[in-house]
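Protein chains in written order, with numbering that gives the first Met the number 0: chain E, 0 to 220; chain A, 0 to 220.
Even for Gly, the Cβ is constructed at its ideal location relative to N, Cα and C.
Structure, as structure tokens:
Number of protein chains: 2
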Amino acid sequence: MPLLTSSEGKYLKAIYTLSSAGKESVSTNAIAAQMGTKAASVSDMLGKLAEKEMISYRKYYGVHLTEKGHKTALGILRKHRLWEVFLVDKLRFQWEEIPQIADELEQLDHPLLIQKLDEYLGYPKFDPYGDPIPDEFGDFQTKARVPLQDMPVDMTGKIAAVKDNTASFLRYLDKMGIYIGARMVVLEKVEFDGSLELMVDNQRKVFVSREVAANILVQPL
Amino acid sequence: MPLLTSSEGKYLKAIYTLSSAGKESVSTNAIAAQMGTKAASVSDMLGKLAEKEMISYRKYYGVHLTEKGHKTALGILRKHRLWEVFLVDKLRFQWEEIPQIADELEQLDHPLLIQKLDEYLGYPKFDPYGDPIPDEFGDFQTKARVPLQDMPVDMTGKIAAVKDNTASFLRYLDKMGIYIGARMVVLEKVEFDGSLELMVDNQRKVFVSREVAANILVQPL
DNA sequence: CAATTTTTTTAGTCATGCCTAAATATCTAT
DNA sequence: ATAGATATTTAGGCATGACTAAAAAAATTG
Numbered sequence: 000m001p002l003l004t005s006s007e008g009k010y011l012k013a014i015y016t017l018s019s020a021g022k023e024s025v026s027t028n029a030i031a032a033q034m035g036t037k038a039a040s041v042s043d044m045l046g047k048l049a050e051k052e053m054i055s056y057r058k059y060y061g062v063h064l065t066e067k068g069h070k071t072a073l074g075i076l077r078k079h080r081l082w083e084v085f086l087v088d089k090l091r092f093q094w095e096e097i098p099q100i101a102d103e104l105e106q107l108d109h110p111l112l113i114q115k116l117d118e119y120l121g122y123p124k125f126d127p128y129g130d131p132i133p134d135e136f137g138d139f140q141t142k143a144r145v146p147l148q149d150m151p152v153d154m155t156g157k158i159a160a161v162k163d164n165t166a167s168f169l170r171y172l173d174k175m176g177i178y179i180g181a182r183m184v185v186l187e188k189v190e191f192d193g194s195l196e197l198m199v200d201n202q203r204k205v206f207v208s209r210e211v212a213a214n215i216l217v218q219p220l
Numbered sequence: 000m001p002l003l004t005s006s007e008g009k010y011l012k013a014i015y016t017l018s019s020a021g022k023e024s025v026s027t028n029a030i031a032a033q034m035g036t037k038a039a040s041v042s043d044m045l046g047k048l049a050e051k052e053m054i055s056y057r058k059y060y061g062v063h064l065t066e067k068g069h070k071t072a073l074g075i076l077r078k079h080r081l082w083e084v085f086l087v088d089k090l091r092f093q094w095e096e097i098p099q100i101a102d103e104l105e106q107l108d109h110p111l112l113i114q115k116l117d118e119y120l121g122y123p124k125f126d127p128y129g130d131p132i133p134d135e136f137g138d139f140q141t142k143a144r145v146p147l148q149d150m151p152v153d154m155t156g157k158i159a160a161v162k163d164n165t166a167s168f169l170r171y172l173d174k175m176g177i178y179i180g181a182r183m184v185v186l187e188k189v190e191f192d193g194s195l196e197l198m199v200d201n202q203r204k205v206f207v208s209r210e211v212a213a214n215i216l217v218q219p220l
């Protein structure tokens, strides 16, 4: 009876995430991997989403979000990111459980709740991971962002987001004193292995590997 | 896989509500009415709850909460009422949608979330309707409360809770300037029809009928 | 106290969302 | 171009939580 079940919402968000990374159509297997389900389950769900005109679906050739699906996904993303701001700014959560909790909160469907939450939070434009929060019309700001890996030596920037949200990665960053919003400058790049030496907050020297640098996005200043 | 599905939680809360009103065992039909489902669905669910040892269930003779079920229900009530405080104190909700939204929020199962929410709200002891919030061990304060109807003339008190949570009743109270926490004194009781004249906040004279007075609980001061 | 009414339970169905196993389509490499 | 590998879909099942209709137990009442 709801426009969208909570499961359908999760699929839609997964499809959005995958299709905004690479532009082409999204494969069944990619969705299954993202969602932690099996391909057969995905096939089932794609049928349902296609019937609700959220996706265009040609069998064996993957899916695209329709305009309607895109709007809906942005609405879910908006809720997710607003709740993340709440968890961090108000409840003082550390990284760990935030995405999971927000995954559940985002499924609540009460426009007034989200409107009041947005107001209460002061209409934030970015979530704690630096990802933009769509407004109620689905518009959001994009800011230039560079993988840390691609920053030249001496360039300064602000840590804007992480690509990998696993708990272990976030814990690692915590331990290294790397957090969203931290100012940093690249001191040296080691050509041999692609690792970097950073100065964070003008006070801490930090070494990160190429793998880590690839998962950190920086907004150049 | 979860200890309790969200549906089971709703049943448990309904059983708690019904059994804390009248002490005896709760009937299948009463639960069905409370939940807006059919008796057959309730019978199904009672079987499941009995297997999880949340209730003791003798066929055809209604149910009682077990110690475990009682604790669990109090945990749900705790979450429900904390979220209600959040909705009113922080998001500035008016009465209307609060119970529905809290019904959904209460099903989230993240102990840390509730702990942090509790802290953020300043460990409130009562929800916006004046109902006590159990602590993490299930203990809660009970305060003496009297139906407004039973207050003698000249007695002062604080509006503590309403028995009827329908939107129309709450709107009516709003219009009359009656709200939880308001100080009031009974000026006059009309024997003929049981209606009362109140002085609210030391500044407004308000007339209420016997029916309305029966649905307002006052904490004498 | 026996017949009728009410309440509760059982039996059978349906939709959702997941799964495994099998079938089928597409892709890749020789 | 076709065999083998890979990806996707179909088919059939299972659990949850609801429903209707029918059966059975309990309560009521004349």
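Bounds of the beta strand (DSSP E) holding A:GLY156 are 155 to 161.
If one requires a minimum length of 4 residues, the alpha helix (DSSP H) runs lying completely within the segment 127 to 210 of chain A are 166 to 175, in chain order. Contacts between E:TYR119 and chain A, judged by CB atoms closer than 7 Å, involve LYS89, LEU90 in chain order. When secondary structure is reduced to three states using DSSP, A:GLN218 falls in the strand class. Contact annotation, A:LYS157 with A:LEU220: C-beta distance approximately 6 Å; criterion of less than 8 Å satisfied.
For A:ARG182 against A:ASP153, the beta-carbon gap comes to about 14 Å, at or over 8 Å, which does not count as contact. In the DSSP assignment, A:TYR56 falls within the beta strand (DSSP E) that extends over 54 to 56. For the C-beta of A:LEU112, the chain E residues within less than 7 Å are, from N- to C-terminus, ILE100. Per DSSP, E:LEU120 is one residue of the alpha helix (DSSP H) stretching across 110 to 120. Not flagged as an interface residue toward chain E: A:HIS63, since no C-beta distance is shorter than 7 Å. For A:PHE85, the secondary structure class from DSSP, reduced to helix, strand or coil, is helix.
Residue pairing by DSSP puts A:VAL62 in a beta bridge opposite A:VAL25, A:TYR56.
For E:LYS115, the nearest beta carbon of chain A is closer than 7 Å to its own beta carbon. The beta carbon of E:LEU169 does not come within 7 Å of any beta carbon belonging to chain A, so the residue lies off that interface. Distance from A:ASN164 to A:PRO98 at the Cβ level is roughly 6 Å; contact confirmed, criterion being Cβ atoms closer than 8 Å. Contact between E:LYS162 and E:LEU73 is ruled out by a C-beta separation of about 20 Å, above the 8 Å threshold. Between E:PHE85 and E:LEU45 the beta-carbon gap is near 32 Å, outside 8 Å, which marks them as no contact. Cβ contact annotation for E:LYS204 (same chain, cutoff 8 Å, sequence separation greater than five): LEU186, GLU196, LEU197, MET198, in chain order.
Between A:LYS70 and A:GLY137, the gap from beta carbon to beta carbon is short of 7 Å. Proximity of A:HIS109 to chain E, defined by a Cβ-Cβ separation below 7 Å, is satisfied.
Comparing alpha-carbon positions, the option among E:GLN93, E:ASP149, E:ASP102 lying closest to E:SER167 turns out to be E:GLN93. The shortest CA-to-CA distance from A:PRO110 to any of A:ARG77, A:ASP102, A:ILE132 is the one to A:ARG77. At a Cβ-Cβ threshold of 7 Å, A:ALA38 and A:THR27 count as neighbours. In its chain, beyond the 5 residues on either side, VAL152, LEU195 have a beta carbon closer than 7 Å to the beta carbon of E:LYS188.
In chain order, GLN148, SER208, ARG209, ALA212 place their CB closer than 8 Å to the CB of A:GLY193, counting only its own chain and leaving out the 5 sequence neighbours on each side. Around E:GLU96, the beta-carbon contacts reaching into chain A at under 9 Å are HIS109, LEU111, LEU112.
The beta carbon of A:GLY129 sits closer than 7 Å to those of ALA159, ALA160, ILE179, LEU216, all from its chain and outside the five residues before and after it, given in chain order. The alpha-carbon of A:GLY176 is positioned some 19 Å away from that of A:MET150.
Residues of the same chain with a CB within less than 8 Å of the CB of A:SER42, apart from the 5 flanking positions on each side, are THR27 in chain order. E:LEU107 is a Cβ neighbour of A:GLU103, given a cutoff of 7 Å. In this chain, the alpha helix (DSSP H) harbouring E:PRO98 covers 97 to 104. In this structure, the beta-carbon distance from A:ILE75 to A:GLU95 does not fall below 7 Å.
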